[in-house]
Amino acid sequence: MLHGGNLFPFGCNGLLYFFLFFVHCCVFIPYPAIDSSAAYHCVNGLQGSKCKEAKGKGEGVSGRERQRACVMFRRCAVKLNPYDVVVIGGGPGGYVASIKAAQLGMKTACVENRGALGGTCLNVGCIPSKALLHATHLYHDAHANFARYGLMGGERVTMDIAKMQQQKERAVRALTGGVEYLFKKNKVTYYKGEGSFETAHSIRVNGLDGKQEVIETKKTIIATGSEPTALPFLPFDEKVVLSSTGALALSRVPKTMVVIGGGVIGLELGSVWARLGAEVTVVEFAPRCAPTLDEDVTSVLVGALAKNEKMKFMTSTKVVGGTNNGDSVSLEVEGKNGKRETLTCEALLVSVGRRPFTGGLGVDKINVAKNERGFVKIGDHFETNIPDVYAIGDVVDKGPMLAHKAEDEGVACAEVLAGKPGHVNYGVIPAVIYTMPEVASVGKSEDELKKEGVAYKVGKFPFNANSRAKAVSTEDGFVKVLVDKATDRILGVHIVCTTAGELIGEACLAMEYGASSEDVGRTCHAHPTMSEALKEACMACFAKPINF
1 MLHGGNLFPF GCNGLLYFFL FFVHCCVFIP YPAIDSSAAY HCVNGLQGSK
51 CKEAKGKGEG VSGRERQRAC VMFRRCAVKL NPYDVVVIGG GPGGYVASIK
101 AAQLGMKTAC VENRGALGGT CLNVGCIPSK ALLHATHLYH DAHANFARYG
151 LMGGERVTMD IAKMQQQKER AVRALTGGVE YLFKKNKVTY YKGEGSFETA
201 HSIRVNGLDG KQEVIETKKT IIATGSEPTA LPFLPFDEKV VLSSTGALAL
251 SRVPKTMVVI GGGVIGLELG SVWARLGAEV TVVEFAPRCA PTLDEDVTSV
301 LVGALAKNEK MKFMTSTKVV GGTNNGDSVS LEVEGKNGKR ETLTCEALLV
351 SVGRRPFTGG LGVDKINVAK NERGFVKIGD HFETNIPDVY AIGDVVDKGP
401 MLAHKAEDEG VACAEVLAGK PGHVNYGVIP AVIYTMPEVA SVGKSEDELK
451 KEGVAYKVGK FPFNANSRAK AVSTEDGFVK VLVDKATDRI LGVHIVCTTA
501 GELIGEACLA MEYGASSEDV GRTCHAHPTM SEALKEACMA CFAKPINF
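The UniProt record's numbering numbers the first residue of the sequence shown as 1 and each following residue consecutively.
See below:
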């Protein structure tokens, strides 16, 4: 029976007696000493045998040495209580995996070498580019369209580049700070530094503050993302030869810009500077820009950019050489007819793709398998060939290199580690180009269905027949729906319009749940909205549209 309800059977002073007894033991009872080498290994958790060595150093030593031994042994105990999960990389995949793992009850740490969470997407990719696209759209709209709405004087609007960049940075800081808050809220330990494998269960952290330590983990998730690919003869200097990072940070508008690569990054960032007055030429090796998109979509998009923003396009053209002149670039290109010409520009944006970022990670040290392009190979549950090591996001050999794909993989991988059935449907990963108009796509294109021999039907509805688009003078574009000819199940949706990125979510939901075009076509949509175009395109698949 505990006296007075206290935890100690010695009355209200029991806790004090216990504390004094503990101090007496630490100071007067002989504890084994520990040498500096053993201490190092205990603290860093490299060799358990060193802990045993420290334990056997004998008796009859000073109180200070005994106290130091106590500290070292407590630190050694960390090795017996490792993290359940360590995530290397704090981008969209890594930070989401970290939070989800913690929410599922796992002791979680995340190692990020940028010094700010959010990865490429939040710091030098998706988010800052959208800030610049929005600002330059407002500027371009004032000059090109205000008068048609009765808003006079738009042509006198000027752009302060420095303030535009400041607003971009404010948005980035707010969001990176928000992710760090979420780490604290969910009790994720955040290491600012570079993580690398010592073993499959030991991660060395080279801190940004110069400190080093080794942390132990039961499982590790590689989420280190990707980096821009440079041309071998024109390395990035971020002054005149730009990666996407440099193109987001320009302090003035170049008179001329050449963009190598007509994909998402090239079209978006080329559009930013074209709206502000740069003469932009896009050089694309493929027969058309954004070659992975539906051909009808690409045709409308390129036409709109050429008409509204005066962008020029050179397709079926390869870059064969170039020189960085210090204040300009001379680029030699060759067309499909074999004719060569030299393009000179003040700024060259190289957007020819991205490669997995594994430098300094130590994956070769523990023999993690990679494919011929350097992507980490994973199985159906994000597992690598090394037990207890997993990988997600841009660094893996599965799915498109998109932030939202990485986020879904982060959630699913954490669920797998918690013993749950995590899942990602790679057939329903949307892609968006945030130009004006925007382009959004999910599922199969017509070219893909033809190659696969799938019998399909097409439903199409133009925005010039949509009442909301008419009212706000945003009539460029259409919705195109592809369905299985036999079952009416939706196989792909492709949208070109000012709000395509917002509309594609409904299409993703429909495809995720196996909906038919009739399911969507018979669902009531609010009027007047741009979303009615999706309904009408679906109606065109199983019956006929009403308004076209």
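Idealized CB from N, CA, C, for every residue including glycine.
- Task: Would you tell me roughly how many angstroms separate the C-alpha atoms of P421 and V411, rounded to the nearest one?
- Result: As a working mapping, residue 421 is identified with position 421 in the sequence shown. As a working mapping, residue 411 is identified with position 411 in the sequence shown. About 11 Å.
- Message: On the DSSP bridge list, what partners appear for K318?
- Response: Mapped onto the sequence shown, residue 318 falls at position 318. For K318, which the question treats as bridged, DSSP gives the partners E334.
- Message: Could you tell me which whole beta strand (DSSP E) segments of length 3 or greater appear in the stretch 340-410?
- Response: 340-345, 347-350, 354-356 and 389-391
- Message: Within the continuous alpha helix (DSSP H) that includes S467, where are the two ends?
- Response: Here residue 467 corresponds to residue number 467 of the sequence shown, with the count starting at 1. First-last of the alpha helix (DSSP H) with S467: S467 to A471.
- Item | Contacting residues, own chain, Cβ-Cβ under 8 Å from R114 (five flanking each side not counted) | The count along the sequence shown starts at 1 and reaches residue 114 at position 114. Contacts found: G90 and N123.
- Rounded distance between the beta-carbons of V389 and V368, thought under 8 Å: Here residue 368 corresponds to residue number 368 of the sequence shown, with the count starting at 1. Here residue 389 corresponds to residue number 389 of the sequence shown, with the count starting at 1. Right, their Cβ atoms sit about 6 Å apart.
- Query: Taking the C-alpha atoms as reference points, what is the distance between Y190 and K310?
  - Reply: By 1-based counting over the sequence shown, the position of residue 190 is 190. By 1-based counting over the sequence shown, the position of residue 310 is 310. Using only the alpha carbons, I get a separation of about 46 Å.
- Inter-residue spacing [alpha-carbon to alpha-carbon] between V363 and F197: Here residue 363 refers to the residue found at position 363 of the sequence shown. Here residue 197 refers to the residue found at position 197 of the sequence shown. Roughly 7 Å separates the two Cα atoms.
- Message: Please return the same chain residues whose Cβ sits closer than 6 Å to the Cβ of E334, not counting the five positions on each side in sequence.
- Response: Walking along the sequence shown from the start, residue 334 turns up at place 334. Excluding residues within five positions, the ones whose Cβ falls inside 6 Å are K318, V320 and R340.
- Message: Between K218, R204 and C413, which has its C-alpha nearest Q212's C-alpha?
- Response: For the purposes of this step, residue 212 is identified with residue 212 of the sequence shown, where counting begins at 1. Cα-wise, what sits closest to Q212 is R204.
- In whole angstroms, what is the alpha-carbon distance linking A174 and F183? Numbered from its first residue, the sequence shown carries residue 174 at position 174. Numbered from its first residue, the sequence shown carries residue 183 at position 183. Going by the C-alpha atoms only, they are around 15 Å apart.
- Message: Count Cβ pairs between the stretch 159-178 and the stretch 291-303 that sit closer than 8 Å; are there 3 or more?
- Response: no
- Task: Could you pull the start and end residues of the alpha helix (DSSP H) that A101 belongs to?
- Result: For this step, residue 101 is matched to residue 101 along the sequence shown. Per DSSP, A101 belongs to the alpha helix (DSSP H) from P92 to Q103.
- Taking Y181 as part of the alpha helix (DSSP H), name the residues at either end of that continuous run. Counting from one through the sequence shown, the residue named residue 181 turns up at place 181. Residues I161 to K185.
- Query: Looking only at C-alpha atoms, which of G93, H525 and D519 sits nearest to I222?
  - Reply: The residue given as residue 222 occupies position 222 in the sequence shown. The residue with the shortest Cα to Cα distance from I222 is G93.
- Task: Return yes when the Cβ of V395 is within less than 8 Å of the Cβ of G225, no when it is not.
- Result: In the sequence shown, the residue the question calls residue 225 occupies position 225. In the sequence shown, the residue the question calls residue 395 occupies position 395. In this structure, V395 lies closer than 8 Å to G225 by Cβ.
- Evaluate contact between the stretch 372-385 and the stretch 254-270, counting only Cβ atoms and requiring at least three cross-stretch pairs below 8 Å. no
- Task: Determine the DSSP secondary structure at D84, reduced to helix, strand or coil.
- Result: Reading the sequence shown from its first residue, position 84 is the one you call residue 84. Three-state result, D84: strand.
- beta strand (DSSP E) runs wholly inside the stretch 210-290, at least 3 long, in chain order: 212-222, 226-228, 256-260 and 279-283
- Could you check the C-alpha separation between M314 and E284 for me, to the nearest Å? Numbered from its first residue, the sequence shown carries residue 314 at position 314. Numbered from its first residue, the sequence shown carries residue 284 at position 284. Looking at the two C-alpha atoms, the distance is approximately 6 Å.
- For G263, which residues of its own chain have a beta-carbon under 7 Å away from its beta-carbon, when the five flanking residues on both sides are left out? As a position in the sequence shown, residue 263 is number 263, starting the count at 1. A290 and S351.
- Cut-off 7 Å between Cβ atoms - residues of its own chain near L402, not counting five sequence neighbours on either side: One-based indexing of the sequence shown puts residue 402 at position 402. Excluding sequence neighbours, L402 sits near I429 and A431.
- Query: Who are the Cβ neighbours of C541 in its own chain at under 6 Å, not counting the five residues just before and after it?
  - Reply: As a first step, residue 541 is located in the sequence shown; it is residue number 541 there, counting from the start. Around C541: K457, G459, V481, V483 and S517.
- On the premise that D237 lies in contact with S445, defined as a C-beta separation below 8 Å, what is that separation, rounded to the nearest angstrom? On the sequence shown, position 445 is the one that residue 445 refers to. On the sequence shown, position 237 is the one that residue 237 refers to. Contact flag wrong, Cβ pair sits at about 37 Å.
- CA-to-CA distance, T523 to K535, given in whole angstroms: Within the sequence shown, numbered from 1, the residue matching residue 535 stands at position 535. Within the sequence shown, numbered from 1, the residue matching residue 523 stands at position 523. Going from the Cα of K535 to the Cα of T523 covers about 8 Å.
- Item | Neighbour-count burial assignment, I504, 16 or more Cβ in a 10 Å radius | Here residue 504 corresponds to residue number 504 of the sequence shown, with the count starting at 1. Per the 10 Å Cβ criterion, buried.
- Task: Whole angstroms is fine: what's the gap from G207's alpha carbon to K187's?
- Result: The sequence position of residue 207 within the sequence shown is 207, counting from 1. The sequence position of residue 187 within the sequence shown is 187, counting from 1. Answer to the nearest angstrom: the Cα atoms are 20 Å apart.
- Please work out which residues of its chain come closer than 8 Å, Cβ to Cβ, to G153, disregarding the five sequence neighbours upstream and downstream, and give them in chain order. The residue given as residue 153 occupies position 153 in the sequence shown. Excluding positions up to five away in sequence, the list reads F146.
- So, is R275 buried or exposed, given that buried needs 16 or more other C-beta atoms within 10 angstroms? Your numbering for residue 275 matches position 275 in the sequence shown. Under this definition R275 is a buried residue.
- Item | Helix, strand or coil at R114 according to DSSP, with G and I counted as helix | Here residue 114 refers to the residue found at position 114 when the sequence shown is read from its first residue. Three-state result, R114: coil.
- Task: Give the DSSP-derived three-state secondary structure of E194 in the structure shown.
- Result: In the sequence shown, counting from the first residue as 1, residue 194 sits at position 194. In this structure, E194 counts as strand in the three-state DSSP scheme.
- Message: Spatial neighbours of G195 within its chain, please: C-beta separation below 6 Å, excluding the five flanking residues on both sides.
- Response: Locating residue 195 in the sequence shown gives position 195, counting from the first residue. Counting only Cβ-Cβ distances below 6 Å, and skipping sequence neighbours, we find I88, V111, I203 and V205.
- Element boundaries [beta strand (DSSP E), containing N206]: On the sequence shown, position 206 is the one that residue 206 refers to. Per DSSP, N206 belongs to the beta strand (DSSP E) from S202 to G207.
- Task: Please go through the same chain and pick out, in chain order, the residues whose beta-carbon is closer than 7 Å to the beta-carbon of S328, but skip the five residues on each side of it.
- Result: Translated into the one-based positions of the sequence shown, residue 328 becomes position 328. Closer than 7 Å at the Cβ level, and outside the excluded window around S328, lie V240, T344, C345 and E346.
- Task: Could you name the residues of the same chain whose beta carbon sits closer than 6 Å to that of N385, not counting the 5 residues immediately before and after it, in chain order?
- Result: For this step, residue 385 is matched to residue 385 along the sequence shown. If we look at N385 and ignore the five residues flanking it on each side, its Cβ neighbours are A369.
- Item | Contact set for P287: own chain, Cβ-Cβ below 6 Å, skip 5 residues either direction | Numbered from 1 along the sequence shown, position 287 holds the residue referred to as residue 287. Result list for P287: T315 and S316, in chain order.
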